[in-house]
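Reading through the structure tokens given below for one structure.
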Amino acid sequence: MAGDKFNVLNHILVPHQELVPVEDEESVLSPWGILTTDDETGEPRLAKELLPKILITDPVIQVIKETVEKQANAGAEGDEDHVPLPAGWLADRVLKVVRRSPSAGVAVAYRLIVEGS
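Converting from the sequence shown to the numbering used here requires adding 1106 to each position, the first position being numbered 1.
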């Protein structure tokens, strides 16, 4: 057991959490009506800043970050065309939180990953 890290996502009290793919953010969040018009460009944009926040230093976010980076780097060995994830790739991403309860069933919430408060 020495050397094994505790994975907070495996704890019974921690709800299931996953990153929403960037290309799916608009379709996933559209039922909540947070699509607004950008003041500068006049183009429609997703007002993700209206979502509840979660810090990038949260233990759950750190586990998700390590997992995604490990998967991204797994296929990198011997691949000259591999592009590593950029620094800060996790900031401004949307996290899906699925809570299950015997009385309420399933509750889904979305949170915005931020670097600071």
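C-beta: ideal position from N, C-alpha, C; glycine also. Quick caveat, the model's predicted, so the values are computed rather than measured.
Mind checking if residue i is an interface residue toward chain C, Cβ cutoff 8 Å exclusive?
| i | result |
| --- | --- |
| A1197 | You won't find chain C in this structure, because it holds only one protein chain. |
In the DSSP assignment, find the beta strand (DSSP E) that holds residue i and state where it starts and stops.
| i | result |
| --- | --- |
| P1150 | P1150 to L1152 |
| R1206 | V1200 to S1207 |
| V1214 | G1211 to V1220 |
Got a sec, what are the start and stop residues for the alpha helix (DSSP H) residue i sits in?
| i | result |
| --- | --- |
| I1170 | P1165 to A1180 |
Please report the straight-line C-alpha distance between residue i and residue j, rounded to a whole angstrom.
| i | j | result |
| --- | --- | --- |
| I1167 | D1144 | 29 Å |
| H1122 | T1147 | 37 Å |
| K1154 | D1198 | 8 Å |
| K1159 | E1221 | 10 Å |
| P1208 | H1188 | 45 Å |
| A1180 | I1170 | 15 Å |
| F1112 | L1119 | 14 Å |
| I1140 | L1152 | 6 Å |
| V1203 | A1213 | 8 Å |
Please classify residue i as buried or exposed, where buried requires at least 16 other C-beta atoms within 10 Å of its C-beta.
| i | result |
| --- | --- |
| I1219 | buried |
| V1200 | buried |
| R1206 | exposed |
| L1135 | buried |
| L1156 | exposed |
| L1196 | buried |
For residue i, is the beta carbon positioned less than 7 Å from some heavy atom of the ligand SAM?
| i | result |
| --- | --- |
| D1130 | The model on display carries no ligand, and the ligand SAM is accordingly not part of it. |
Exercise. Report the residue ranges of all beta strand (DSSP E) runs contained in full by the stretch 1125-1160; include only those spanning at least 3 residues, in chain order.
Key: 1141-1143 and 1150-1152, all fully within the stretch 1125-1160.
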